[in-house]
Amino acid sequence: MPEYRWKGKDQFGNRVKGVLIADNREQARQRLFAQGIFLSSLNKNWQFFPTLTLEKQAEFLLQFALLLQAEIPLKPALQMLQESCDSTSLYQLIGRCLTALNSGFSLSTALKNEKQFLSEQEWQLLYSGEISAQLAKVMKQLADNKLRQLKLRQQMKKIMFYPLMMLSVSMLLTVLLLLFIVPKFADLYDQQQHTLPLVTQVLLQCSQFLQNYLWQLLMVSVVGVVMLRRCYLMFPSLRWQLLKLACLIPSIKRLYLHLQQIQFYTILSSMLNSGITLQQSLATFLPQSSYKQSRAATKSILAIEAQQCLQSLQAGQRFSAGLSSRFIPYQAKQMIIIGENSGNLVQMLNYLAEQSQQNLSNQVELFSKLLEPILMLIIGSIIGVVIAGMYLPIFNMGNVVL
Numbered sequence: 028m029p030e031y032r033w034k035g036k037d038q039f040g041n042r043v044k045g046v047l048i049a050d051n052r053e054q055a056r057q058r059l060f061a062q063g064i065f066l067s068s069l070n071k072n073w074q075f076f077p078t079l080t081l082e083k084q085a086e087f088l089l090q091f092a093l094l095l096q097a098e099i100p101l102k103p104a105l106q107m108l109q110e111s112c113d114s115t116s117l118y119q120l121i122g123r124c125l126t127a128l129n130s131g132f133s134l135s136t137a138l139k140n141e142k143q144f145l146s147e148q149e150w151q152l153l154y155s156g157e158i159s160a161q162l163a164k165v166m167k168q169l170a171d172n173k174l175r176q177l178k179l180r181q182q183m184k185k186i187m188f189y190p191l192m193m194l195s196v197s198m199l200l201t202v203l204l205l206l207f208i209v210p211k212f213a214d215l216y217d218q219q220q221h222t223l224p225l226v227t228q229v230l231l232q233c234s235q236f237l238q239n240y241l242w243q244l245l246m247v248s249v250v251g252v253v254m255l256r257r258c259y260l261m262f263p264s265l266r267w268q269l270l271k272l273a274c275l276i277p278s279i280k281r282l283y284l285h286l287q288q289i290q291f292y293t294i295l296s297s298m299l300n301s302g303i304t305l306q307q308s309l310a311t312f313l314p315q316s317s318y319k320q321s322r323a324a325t326k327s328i329l330a331i332e333a334q335q336c337l338q339s340l341q342a343g344q345r346f347s348a349g350l351s352s353r354f355i356p357y358q359a360k361q362m363i364i365i366g367e368n369s370g371n372l373v374q375m376l377n378y379l380a381e382q383s384q385q386n387l388s389n390q391v392e393l394f395s396k397l398l399e400p401i402l403m404l405i406i407g408s409i410i411g412v413v414i415a416g417m418y419l420p421i422f423n424m425g426n427v428v429l
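In the working numbering, the protein residues as written are 28 to 429.
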């Protein structure tokens, strides 16, 4: 079903705009007119690869939880959310859920194959809430988990924005120098008979190459970025290999470890709080037969850690005995042992999740501060090489004259 972007005025003359999903343009006009909107523009919102963003997922789960807490039945709640939906992917997801419910299936069954929406752990939470008649409570927990993930992602984007912007500006300046400044020097050096330095020769060749193939390079770059993004989303093995490569940098490895710890503590505490046994909770971290997982899934930190804990429990030992020191710090492990002995494991896991999130924030801030001078050094080096390459022959001319 197509998505339309609209602008107009409401009954009070205020300018408003938004996104609407409808079968066609006429239906969109009628629905907006029924809401008292006087349209000034209505255009189709073209999306080549529509995706269900994490923000939309959290918003949907939170609204769904509020409707269920208000004791609105399941199907009417989904219908209300679908009518007010402004995302094509989410609209289609709700439609599939309604179709499954009308066919006599449960909500958990309808969402079992929605891999991009619910992970295995989240689906187990949903299933437990369904059979224990606590669906509204579980939906709120799922929404909180999504919001926590969204907050972490936004924090990472906010911190990475400045370094990436600086790097982009430096690349743009370098390209502009090669396109407009270096050719001026090339005309000057063509009149000279002496041999140019190697750096200058490389710069002149790069400048000539950019002038001849600039548009082809731009087209190849755009297509390459789009294809790489699609491959990254489609192939877990590629994501795993890129992650291994990134984790060779110690700072990134520490950030990734903190992210995994937060996920482990949060999901485990949520599942235990919902009445799921410890063994069942740990088993959800392992590759499931119903999911087309690659070998990379079996090598993930969480899968390895969960497997060790399950083996420890099957051998009659405590949960904490299977936790490795590479993943869980000594102090955190001692806190888990205290939680096991006192029967407050869920509360202890929640506390550790909050502590890990605070540690992650500190590590991200430190990483950004370390990254800024490194980027400035790289930018200065690139610009310095270009300027030095352009002026070296001039200095050589002076030496020849002398």
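Note that CB positions come from ideal geometry on N, CA and C, so glycine has one too.
Between V202 and V196, the alpha-carbon positions lie close to 10 Å from each other.
By the Cβ rule, the stretch 405–423 does not count as touching the stretch 296–308, because fewer than three pairs are nearer than 8 Å.
Here R257 carries a helix assignment [DSSP, helix/strand/coil]. L79 is positioned such that its CB atom lies no closer than 8 Å to that of L138.
Each residue's CA atom was taken as its position, placing F87 and A310 some 27 Å apart. In this structure, the beta-carbon distance from L95 to A163 falls below 8 Å. Cβ contact annotation for L237 (same chain, cutoff 8 Å, sequence separation greater than five): V202, L205, L206, L244, in chain order. When DSSP reads this structure, W33 sits in a beta bridge with G45, L69. Of all C-beta pairs linking the stretch 349–363 to the stretch 371–388, three or more are shorter than 8 Å, placing the two stretches in contact. Judged by DSSP secondary structure, I276 falls outside any alpha helix (DSSP H); it is assigned neither H nor E. In this structure, R175 is the residue among R175, L152, L295, G131 with its C-alpha nearest to the C-alpha of L387. Residue burial annotation: W242 is exposed, with fewer than 16 other C-beta atoms found within 10 angstroms of its C-beta.
Residue environment: S297 is assigned as buried (16 or more neighbouring CB atoms within 10 Å of its CB, all protein chains considered). Taking the Cα positions, K142 is about 14 Å away from C124.
DSSP, reduced to helix, strand and coil, places I363 within a helical segment of the structure shown. Sequence-distant partners of G416 (beyond 5 residues in either direction) whose C-beta falls short of 6 Å from its own C-beta, in its chain, are V226, T227, L230. Apart from sequence neighbours up to five positions away, the residues of its chain that approach K36 with a beta-carbon distance below 8 Å are R42, V43, I64, F65, S67, ordered along the chain.
Distance from the CA atom of L350 to the CA atom of N371, rounded to whole angstroms, is 18 Å. Beyond the five residues adjoining it in sequence on each side, Q151 comes within less than 8 Å, by CB distance, of M298, I303, Q307, S308, T311 in the same chain, given in chain order. Contact between S234 and P263 is absent: CB atoms are separated by about 41 Å, not below the 8 Å threshold. Comparing alpha-carbon positions, the option among Q54, V413, S395, N172 lying closest to M183 turns out to be S395.
Sequence-distant partners of L145 (beyond 5 residues in either direction) whose C-beta falls short of 7 Å from its own C-beta, in its chain, are L138, L153.
With distances taken between CA atoms, V373 lies nearest to T293 out of L329, T293, G122. The residue from M166, R256, K34 with its alpha-carbon nearest to that of A85 is M166. Close CB contacts of R180 within its chain, under the 7 Å cut and outside five residues either way in sequence, are with L81 (chain order). Under the three-state reduction of DSSP output, K167 falls in the helix class. By the C-beta density criterion, I355 is buried, having at least 16 other C-beta atoms within 10 angstroms. Here DSSP, grouped into helix, strand and coil, assigns C112 to coil. Rounded to the nearest whole angstrom, the CA to CA distance from F91 to P100 is 11 Å.
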